[in-house]
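Student: Shown below is the structure under consideration.
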């Protein structure tokens, strides 16, 4: 049975307790990922990633170890399977921090930042062949057991706004922290770790110009939180929508058919020539009502 306690207008809730209850922890991660990826308002095709920190038996020692399962490079959340997820030893991922801090120069656009990506393979659990994503540290260094990183339409509208930080505070208060854009990677993962330490009651972070990352210690709660945060951003925007006047209203009138065709005849031969320098293309004009 699907349990939906929150009425959503801008996303669709799909969690089914009975379906999730039949799955092992990794399968539940795949299930959560498929639900999130199925709604284009939550993330774009091929975008976003999810993770769960799961206790498993080490294949060599038999001892219980903490393993990060995180969507790897390639694939789409909507259609992801177990094979789309990397599995990495958490203790080895933490050990990478010591290696990073030994570098004389650290931070975005440094040599060590790029070098760290190749080291993720040394933390692989159980010979998993799936390459790790550049977003891996964003999941590893957030202490919660489950993390969702999405690119929702509504949140990106907030994250990309000129006054993004103020809007984040207005919508979420201290539940969601804003941080300036930087390229995903090891340094951003460390910044998220520090944000969690500095704001222990925070539930997520708006990545300026990028998207949303949020977390919980229960997978169903993490899924629900993702939807809640997106819904709040979408409602904030919808309540302030001015229809056609939102972006200042119509600035230019559409050309009539005769004038439109005259413009096409003037510009299309030149335009086709520009795009056909390496390979020939045939130009097609579409001017139906929807366009």
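In this note's numbering, the protein residues as written are 478 to 768.
Don't be surprised by glycine CBs; every beta carbon is placed ideally from N, CA and C.
Since this is a predicted model, take the numbers as computed values, not measurements.
Restricting to runs no shorter than 4 residues, where is the alpha helix (DSSP H) found entirely within the stretch 522-597?
Tutor: 567-578, 588-596
Student: Along the chain, which unbroken stretches of the beta strand (DSSP E) at least 3 residues long are found entirely within the stretch 685-718?
Tutor: 688-693
Student: Since residue 658 contacts residue 684 with CB under 8 angstroms, what's their CB separation in whole angstroms?
Tutor: 7 angstroms
Student: Tell me residue 658's beta-bridge partners as DSSP assigns them.
Tutor: Answer by DSSP bridge pairing: none, since residue 658 is not bridged.
Student: How is residue 635 classed by DSSP in three states: helix, strand or coil?
Tutor: helix
Student: Give me the residue from 541, 491, 714, 721 with the minimum Cα distance to residue 638.
Tutor: 714
Student: Quick one, which of 511, 486, 671, 735 has its alpha-carbon nearest residue 492's?
Tutor: 511
Student: Where does residue 761 sit, in a helix, a strand or coil, going by DSSP?
Tutor: coil
Student: What separation, rounded to the nearest whole angstrom, lies between the Cα atoms of residue 614 and residue 662?
Tutor: 6 angstroms
Student: Below 8 angstroms between beta carbons: does that hold for residue 559 and residue 515?
Tutor: no
Student: Who are the near neighbours of residue 762 in its chain, counting only those whose CB is closer than 7 angstroms to its CB and skipping five residues on each side?
Tutor: Closer than 7 angstroms at the Cβ level, and outside the excluded window around residue 762, lie 741.
Student: What is the DSSP secondary structure of residue 683, counted as helix, strand or coil?
Tutor: DSSP places residue 683 in the strand class (E or B) of the three-state scheme.
Student: Where does residue 488 fall in DSSP's three states?
Tutor: Residue state, collapsed to three classes: coil.
Student: To which residues does DSSP link residue 601 through a beta bridge?
Tutor: Paired residues: 565.
Student: Tell me whether residue 675 sits in a helix, a strand or coil according to DSSP, three-state version.
Tutor: helix
Student: Quick one: residues in its chain with C-beta nearer than 6 angstroms to the C-beta of residue 692, no 5 flanking neighbours on either side, listed in chain order?
Tutor: 619, 621, 624
Student: Using C-beta distances below 6 angstroms, list every residue in its chain close to residue 674, excluding the 5 sequence neighbours before and after it, in chain order.
Tutor: The same chain holds no residue with a CB closer than 6 angstroms to that of residue 674 once the five nearest residues on each side in sequence are set aside.
Student: Cα-Cα, which of 541, 631, 490 is closest to residue 518?
Tutor: 631
Student: Among residues of its own chain, excluding the 5 on either side of residue 487, which ones have a beta-carbon nearer than 6 angstroms to its beta-carbon?
Tutor: So the qualifying residues of the chain are 708, 711.
Student: Count the other C-beta atoms from every protein chain shown that fall within 10 angstroms of the C-beta of residue 526, then say buried if there are 16 or more, exposed otherwise.
Tutor: buried
Student: Here's the rule: buried if 16 or more other CB atoms are within 10 angstroms of the residue's CB, otherwise exposed. What is residue 729?
Tutor: exposed
Student: From residue 734 to residue 747, what does the alpha carbon distance come to, in whole angstroms?
Tutor: 21 angstroms
Student: Quick check on residue 478: buried or exposed, where buried means 16 or more other Cβ atoms within 10 Å of its Cβ?
Tutor: Any reading at residue 478 must be qualified, since the residue scores a pLDDT of 41, below 50, and its modelled position is unreliable; the value itself is stated next. Taking a 10 Å sphere around the C-beta of residue 478, we find fewer than 16 other C-beta atoms and assign the residue as exposed.
Student: Let me check understanding here. Comparing Cα to Cα, which of 531, 720, 640, 571 lies closest to residue 547?
Tutor: 531
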